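In this note's numbering, the protein residues as written are 14 to 99.
Heads up: the structure comes next, in structure tokens.
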Amino acid sequence: MNQTLSLNLKDLENGIRAQIVQMPLGESRRRLEALGLREGKIIEKISGMPFHGPITIIVDGRQIAIGWRISSRVMVVPVKENCHGN
């Protein structure tokens, strides 16, 4: 996978699906993993609140919110939809 096209989760546009390619280390990583986030996982960004508010995403059919700071350390690559919209 070409990580030169990666961007921070916080910078992903709303409504776009992406694959996680890199996550922070340490306690931040453990918290994200407890929410079901891992490298290779496909997520969809639902919204980002202004003024460094939380980012809302869908992962494994569940809607979760994560903090702006931690979302700035999650790197993603947008994925293209297949012909069935999945």
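A virtual CB, placed ideally from N, CA and C, is assigned to each residue, including glycine.
Nothing here was measured: the structure is a model prediction, and the numbers come from that model.
Beta-carbon proximity check, residue i vs residue j, cutoff 9 Å
{"i": "I83", "j": "I71", "result": "no"}
{"i": "M62", "j": "L50", "result": "no"}
{"i": "L22", "j": "I68", "result": "yes"}
{"i": "I79", "j": "E52", "result": "no"}
{"i": "V90", "j": "L45", "result": "no"}
{"i": "D24", "j": "K54", "result": "no"}
Burial state of residue i, where buried means 16 or more other Cβ atoms lie within 10 Å
{"i": "L18", "result": "exposed"}
{"i": "V92", "result": "exposed"}
Opposing strand residues paired with residue i [DSSP bridges]
{"i": "R75", "result": "V72"}
{"i": "I33", "result": "V89"}
{"i": "N21", "result": "M88"}
With contact counted as at least three CB pairs below 8 Å, one residue from each stretch, are the segment 18-33 and the segment 58-73 in contact? yes
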